[in-house]
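Read top to bottom, the protein sequences are chains A and B. Per my numbering, the first sequence starts with residue -1, numbered consecutively. Per my numbering, the second sequence starts with residue 12, numbered consecutively. Yeah, the Cβ is synthetic: ideal placement off N, Cα and C, and Gly gets one too. None of these values were measured; they are calculated from a predicted model. Working notes, beginning with the structure itself.
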Amino acid sequence: MPRSEMNASAPPAARRVPVALQSLGYTLVLAVVAFLVLYPAFRLLIGSFEVDAFSANPSVGLENWQAVFSRPRLIAAIENTITLSLARQLIALLFGVIIAWLIARTNLPMAGWLEVGFWIALFMPALPVTLAWVLLAGEGIGILNNAAKLAFAIDYELFNIYSWWGIVWVHVMTATLAIKVFLLVPAFRNMDAAFEDAARTCGASVWKTLLHIVVPIMLPTIIVVTVLGLIRSLQAFEVELILGSPAKIDVYSTAIYRAVNGQPPQQGVASVLSIIFLGAVVPLVVLQQWYAQHHAVASVSSKFSHRVQDLGRLRWPLFGVIALLLSMMTVLPFALLVMGSFMKLFGIFDLPEPWTTSHWVEAMTRGDVQRAFWNSMKLGTAASLSGMLCFSLIAYIAVKTRFSGRRILDFLTWLPAVIPGLVLSLGILQMFAAVPLFRPIYGTLAVLVLAVVIGTMALGTQIIKAALLNLGAELEEASWACGASRFYTFRRVVLPLIAPAVAVIGLEVFATGISVVGLVALLGTGATQPLSMLQLIYLDGGFFEPGAIVGLLITTITVSAALLARYIGLKSGLGRAGG
Amino acid sequence: MTKAGAMMNPKAAMKPETLFITLAATCFLASTVALAQNPQDIWKATQAKARGQVLTFQTQGDKPMDPILEEFSKKFGIKVETTVSRPTATIGRVRTEQTNGQYLWDLWWGITSNMVHVAAPAGMLSKIEDYLILPEVKDASNWRHAAYMYGEPGHQVFTYSHEVNVGAFRNKAVLPELKVDSLDALLDPRLKGRIAVRDASVPNAGSFNLSTILKAKGPDFLRKFLTTMDPKVYANPQQLDVAIMRGGSAVAVGMQSSAFSECRKAGGCKTMEEIPSVSYIQSRGLSAFKNPPHPEAARVFVNWFLSREGQEVFVREWARNSISGAVSHRKDVAPHKDHLADMPDFARADQYVWVSTSLGSKDIEEATRIFKQFAEK
């Protein structure tokens, strides 16, 4: 019997709340989620038929669809998108699984600090870090290239960041690998060591155990993380725009970016491109759902044990390799960002006095920076708390109940992830502007919170869902048999076990709230604009130095929050293996 | 009896007292209207109505705007709330709101390209001319060239400042043997692959610069330049700056003049120089959104800011907080001494590309179209 169905069969002792009332509650959740995610999707469809939306006489027609299919470089862009996404996902998956396992389930030295290192890498601001890599390895200007020419007496460029592999490299070095480690470590921690112990007892090596025991058990979670990563990769455009343009490498999402930012904006064309994207990605989601339903394995049971695997002589060499990788992902770009923020002109060293503190003085004394700082804090905190609560509830309904609409609910949570962010924000704006219920909160911070929650719904729900699927049913059944209610069981049994996953999601939603741009670009007002919007405005205007300062501020806030969460988790015992 | 007949009938004529009251009322009304039409009275009445209102702005976040708005708020007791957005985001947002009957913004302040080329034709703006009250603002003779007071023929966008920007830059440290003293030199085969161009598929200094090449040399030259010289296209302004300043490229097309000025001011970019060419004019302006929620406050700001006093504050604060652009279109407001080069020569105004007004629409559209053809090949 599939795991989810086994989980769904609750003994009568848990049903203190009348079934009809429960169903009503679940239906209400389904209705709210359906409205929040289907409305923007519906507007997307309508928008695809709106022709000349910015003229005095807009009309309805198929011109946007024709325009998309007559694009000469569309096929090449799709090819680039697929190959670039697959390449970086495969690399990140391979290393992500190994690193997550090493951190979570072995006696790797300073594993906790290495994990924090990946958090820092994940929270680094993408655009300034990409520009930092340009300064390091850009063709003709790269510091590393110039150093290599001097050191090895060569007359060619050793690195060229403006290339297919350059794009892959920067993605892997920024979020692609880091998010895999970030999401997989808590899941790996929750795995029962009995499986590994059995394999080791039978004589399997550490690596064989990883490949034949750990990976198959964790596959549903790995697949969720991979599908989410793949969707993110397919939508990514910032790095591609900066590194791909000089090398004439176009991807699908840059076409959407150019349509949205054209003069006039071609929102209809962007809508068509997004609908095609949605159509292409939905089968992936369906496949993932089918797999999760049929192959979930409970790895947390009443006999849970967490004994770490001994790496033997490989302990310190492996630590060295990961530490080196992390320093490339964090120390190098971070140092360049800090350096850039103290330069009169980023990357220009041959000035009489290239260094200055004026950018910092200005940033720290500007009223809008201070206001944006507090807005970001409020936005991140509110979105994080709301997200943890909502996603836990949705995931619980999808996994642990027999509600007939649970699969639809589960599917719906994916939708915000498969609509490109640039276009999703327009759909959300339409919702707030058109639906009378939302109008009173339009212009307040609540709108931004809701947008961030919608935007992170897929990631949050699916990761918590994967954690719930790993829980053996007997844990709850034991609680119910003792007369506990469903809520009490959730609070005292389920929640502590999935707490690491929920905390990670809380942190990720917080980080999104602090650094989000696309989702809130159309929704913020002067009074509610967060730091991320200020950063975008600086960078857009060519003011890298203050942009880098705001980026550093964002990173500092997020990393501080992560460290605080970790400290609280460790103090309360939630951060340790198995909850 | 017909109506005309009744009017002629003495019995039907108005009683004296009625006639007196009617005449008195007419005189009172006429004098009231005459008084009310006095601009100073209208100005005072508008200020009184606007007091306590919160004026909502869409801006591009230029640093000098803050002190200007502070001064305005202090003087008139009107609170100001600015929302900083990319112009394309402003367009998308306000259009969506207006389509759904939401009118939340009063004024839009910044570079006028999107106001002129998108918002005005889409009917998103009010006629700014109707907001002008003070004679010193309305009087076209107070402005340097009447034809450039408004950004477009519908008088929905007031352009109060026009700034000269140069087209392209050369770094002599790269290929020093090469003489690049005209646009023709851009086709020198030795420059192939050594030219950096800002992505001109969206409106920015790249499309503006290409429009100057188009104006100077025609579409065939621009096509040839893009297709045969294999230029490297950069999406980010910082990327382009670093490419030319660090000697990665010999020529940059689409670099902001202000970045070059900044570098020179810091004592750098000594090997860089402008390539003589057609210049483009970037205009700054004000527009009022359709059905603004606080029209009186909007009127007060528009009139104060476009008055001599307001424009003096503009020039002073712009010079203090920005490397370029402290030039007013008002005749009675002198440009800042360090920004004199930014002032257009209106005697040869037709030789510029006016990228932020409707005068430059065709050039920009054509340059963008040619660039897109090249980029999508």
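Does the count of Cβ pairs from the segment 282 to 293 of chain A and the segment 81 to 90 of chain A closer than 8 angstroms reach three?
Contact between the segment 282 to 293 of chain A and the segment 81 to 90 of chain A is absent, because fewer than three Cβ pairs lie under 8 angstroms.
So, is the C-beta of B:Lys388 closer than 8 angstroms to a C-beta in chain A?
Taking Cβ atoms only, chain A reaches closer than 8 angstroms to B:Lys388, which makes this a yes.
Check A:Tyr565 in the structure and name its three-state DSSP category.
The three-state reading of DSSP puts A:Tyr565 in helix, counting H, G and I together.
Taking only beta-carbon atoms, is A:Val17 less than 8 angstroms away from chain B?
Not one chain B Cβ lies under 8 angstroms of A:Val17.
Under 9 angstroms from the C-beta of A:Gly345: neighbouring residues of chain B:
The contacting residues are Gln249, Asp252, Val253, Met256 and Arg257.
Should B:Ala330 be flagged as near chain A, meaning a C-beta pair shorter than 8 angstroms?
It does not; no Cβ of chain A falls within 8 angstroms.
For A:Ile254 and A:Leu520, which I take to be in contact (beta-carbon distance under 8 angstroms), what is that distance rounded to the nearest angstrom?
Contact flag wrong, Cβ pair sits at about 15 angstroms.
Distance, B:Asp195 Cα to B:Phe232 Cα:
Rounded to whole angstroms, the separation of the alpha carbons of B:Asp195 and B:Phe232 is 9 angstroms.
Chain A within 8 angstroms of B:Gln113, Cβ atoms only:
It does: the Cβ of B:Gln113 has a partner Cβ on chain A nearer than 8 angstroms.
With distances taken Cα to Cα, identify the nearest neighbour of B:Leu297 among B:Arg104, B:Gly121, B:Lys90 and B:Tyr114.
Of B:Arg104, B:Gly121, B:Lys90 and B:Tyr114, the residue nearest in Cα terms is B:Gly121.
Which value, in whole angstroms, describes the spacing of the CA atoms of A:Ala51 and A:Leu91?
Each residue's Cα considered, the two are about 42 angstroms apart.
So which of B:Asp52, B:Pro78 and B:Gly72 has the shortest CA-CA distance to B:Arg331?
Closest by alpha carbon: B:Pro78.
Mind checking if B:Val191 is an interface residue toward chain D, Cβ cutoff 8 angstroms exclusive?
Reference to chain D is not applicable here, since the protein chains of this structure are A and B.
Mind checking if B:Gly279 is an interface residue toward chain A, Cβ cutoff 8 angstroms exclusive?
Yes - at least one Cβ of chain A is within 8 angstroms of the one on B:Gly279.
In terms of residues, what are the limits of the alpha helix (DSSP H) holding A:Gln527?
It is not in any alpha helix (DSSP H) - A:Gln527 carries neither H nor E in the DSSP assignment.
Whole-angstrom distance between A:Ser243 and B:Ala211, CA atom to CA atom
CA-to-CA, the gap between B:Ala211 and A:Ser243 works out to about 11 angstroms.
At least one CB of chain A closer than 8 angstroms to the CB of B:Ala23: is that the case?
Since pLDDT at B:Ala23 reaches only 46, below the 50 mark, its modelled position is unreliable, and the value read off the structure follows with that caveat. No, its Cβ sits nowhere closer than 8 angstroms to a Cβ of chain A.
Please give the ranges of any alpha helix (DSSP H) in the segment 111 to 137 of chain A, keeping only runs that are unbroken, at least 4 residues long and fully inside the region.
If only uninterrupted alpha helix (DSSP H) runs of at least 4 residues are considered, those enclosed by the segment 111 to 137 of chain A are 124 to 135.
Tell me which residues of the segment 374 to 386 of chain B have at least one Cβ-Cβ distance to chain A shorter than 7 angstroms, keeping chain order.
Taking 7 angstroms as the upper bound on Cβ-Cβ separation, chain A lies near no residue of the segment 374 to 386 of chain B.
In angstroms with no decimal places, state the Cα-to-Cα distance between A:Gly345 and B:Lys243.
Rounded to whole angstroms, A:Gly345 to B:Lys243 spans 19 angstroms at the Cα level.
Distance cutoff 8 angstroms, beta carbons only. Does A:Met531 sit that close to anything in chain B?
Yes - at least one Cβ of chain B is within 8 angstroms of the one on A:Met531.
So if DSSP puts A:Trp353 in a beta bridge, which residue, or which two residues, is it bridged to?
Looking at the DSSP output, A:Trp353 bridges to A:Met341.
Expressed to the nearest angstrom, what Euclidean distance is found between the alpha-carbon atoms of A:Arg198 and A:Val95?
Rounded to the nearest angstrom, the two C-alpha atoms are 19 angstroms apart.
Just to confirm before moving on: does the CB-CB distance between B:Ser268 and B:Gly371 stay below 8 angstroms?
Taking C-beta atoms as the reference points, B:Ser268 and B:Gly371 fail to come closer than 8 angstroms.
Tell me which same chain residues have a C-beta within less than 6 angstroms of the C-beta of A:Ala560, skipping the five on either side of it?
Its chain contains Trp117 and Leu505 as the residues whose beta carbon lies nearer than 6 angstroms to that of A:Ala560, once the 5 sequence neighbours on both sides are disregarded; these appear in chain order.
Give the interface partners of B:Tyr245 over in chain A, defined as CB-CB distance under 7 angstroms, in chain order.
Ser243 and Pro244, listed in chain order.
If you compare alpha carbons, which of A:Leu241, A:Ala234 and A:Gly425 is closest to B:Gln249?
Comparing Cα positions, the closest option is A:Leu241.
With a threshold of 7 angstroms on Cβ separation, who are the neighbours of A:Ser203 within its own chain once the five nearest residues in sequence on each side are excluded?
Sequence-distant Cβ neighbours of A:Ser203 in its own chain, meaning closer than 7 angstroms and more than five residues away, do not exist here.
Option nearest A:Gly636 by Cα separation, candidates A:Gly524, A:Leu532 and A:Asn105
No answer is possible for residue 636 of chain A: it lies beyond the span of chain A, which begins at -1 and ends at 577.
Cα-Cα separation, A:Pro315 to A:Lys206
Rounded to the nearest angstrom, the gap between the Cα atoms of A:Pro315 and A:Lys206 is 19 angstroms.
Please confirm if the segment 415 to 431 of chain A is in contact with the segment 496 to 503 of chain A, defined as three or more CB-CB distances below 8 angstroms between the two stretches.
No: fewer than three Cβ pairs fall under 8 angstroms.
Less than 6 angstroms between C-beta atoms, sequence neighbours within five positions excluded: which residues of the same chain meet that for B:Val65?
Hits under 6 angstroms: Lys90 and Glu92.
Any 3 or more C-beta pairs closer than 8 angstroms across the segment 334 to 342 of chain A and the segment 536 to 547 of chain A:
Contact between the segment 334 to 342 of chain A and the segment 536 to 547 of chain A is present, because at least three Cβ pairs lie under 8 angstroms.
Can you have a look at A:Gln64 and say buried or exposed, based on whether 16 or more other CB atoms are within 10 angstroms of its CB?
With fewer than 16 other Cβ atoms inside 10 Å of its own Cβ, A:Gln64 counts as exposed.
I'd like to know if the segment 421 to 430 of chain A and the segment 28 to 46 of chain A are in contact, where contact means that at least 3 CB-CB pairs between them fall below 8 angstroms.
As far as the Cβ criterion goes, the segment 421 to 430 of chain A touches the segment 28 to 46 of chain A, which means the pair count is three or higher.
So B:Thr3 packs on B:Gln69, CB below 8 angstroms; how close in whole Å?
A query on residue 3 of chain B cannot be resolved here, the shown segment of chain B reaching from 12 to 388 and no further.
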